[in-house]
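A.B. asks: Supplied in structure tokens, the structure appears directly below.
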Amino acid sequence: MSKKKYEAGKKYEETATKYDARYSSIQQQKFREVFSQTKIKSSDLLLDVGAGTGLLLDFLPSNVQNIISCDLSFNMLLEGKNKLKNALFVCADSEHLPFRESCLNIVTCFSVIQNLQEPTITVSESFRVLKIGGKLLLTVLDKIYCDKKLEEIIVQAGYEIEKLWHLSIEDFSVIAKKD
Ligand SMILES: C[S@@+](CC[C@H](N)C(=O)[O-])C[C@H]1O[C@@H](n2cnc3c(N)ncnc32)[C@H](O)[C@@H]1O
């Protein structure tokens, strides 16, 4: 494991119990804005990459039942286990997703790739595991990314961009399709 990845993981391991109090309302705002631009079906299999404490589980409607929360930090996932939803929790690296190709309908990735040394690997992995017609919903901090850089990474992975825009707070967001 690279030093940067180890350090990032360690930071979240140590702050997991405080994450929700600090970030819940801002992340919920991002979820609201992104999901207002696309539809998900109750039958969709959704993978949340870098899911952290599973804040997305609190947001998604209760009829969305097939959710996998995946994160490198075990302690962040443990916080998620306290949430009510019936999700699967998988401790794994976003650069090596432990799923076969073309098996998922939606991949979400909120506020994760700005911490990654090689974000293209994670975005390509998301492409690999999505079915044809599946969608990636991703946000990234605008302090670290500009829209052009985000566009480049998404297109390079093979996606067709449906919408790329700036949220009302701190992140660029993209909805992209695997055609
Ligand atoms: C800012 S938090 C965002 C959490 C969640 N997506 C949200 O919206 O609240 C970033 C998360 O990415 C995870 N992460 C960082 N590098 C990762 C990697 N290589 N693989 C999987 N998860 C990673 C961290 O452990 C942390 O939980």
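Using the numbering used here, you'd call the opening residue of the sequence shown number 57 and step up by one each time. Using N, Cα and C, we set each Cβ at its ideal position, and we do this for glycine too.
(1) I'd like to confirm the pairing. Which residues does DSSP put opposite L196 in its beta bridges?
(2) How about Q83: is its Cβ closer than 8 Å to a heavy atom in ligand 1?
(3) Would you decide whether E63 is buried or exposed? Buried here means 16 or more other CB atoms lie within 10 Å of its CB.
(4) Decide yes or no for the touch test of the segment 172 to 182 against the segment 113 to 127: beta carbon pairs closer than 8 Å, at least 3 of them.
(5) Could you spell out where the beta strand (DSSP E) holding T164 opens and where it closes?
(6) May I ask whether a heavy atom of ligand 1 can be found less than 8 Å away from the beta carbon of V105?
(7) For N138, which of helix, strand or coil comes out of DSSP?
C.D. replies: Quick look at the numbers:
(1) Your numbering for residue 196 matches position 140 in the sequence shown. In the sequence as presented, Leu is not what sits at residue 196; that position holds Val. Its beta-bridge partners are F228.
(2) In the sequence shown, the residue the question calls residue 83 occupies position 27. Yes.
(3) As a working note, residue 63 is residue 7 in the sequence shown. When all chains shown are included, E63 counts as exposed.
(4) no
(5) In the sequence shown, counting from the first residue as 1, residue 164 sits at position 108. L160 to F166 is the span of the beta strand (DSSP E), which, as asked, contains T164.
(6) Here residue 105 refers to the residue found at position 49 when the sequence shown is read from its first residue. Within the cutoff, so yes.
(7) Position 82 of the sequence shown, counting from 1, holds the residue named residue 138. Coil, per DSSP.
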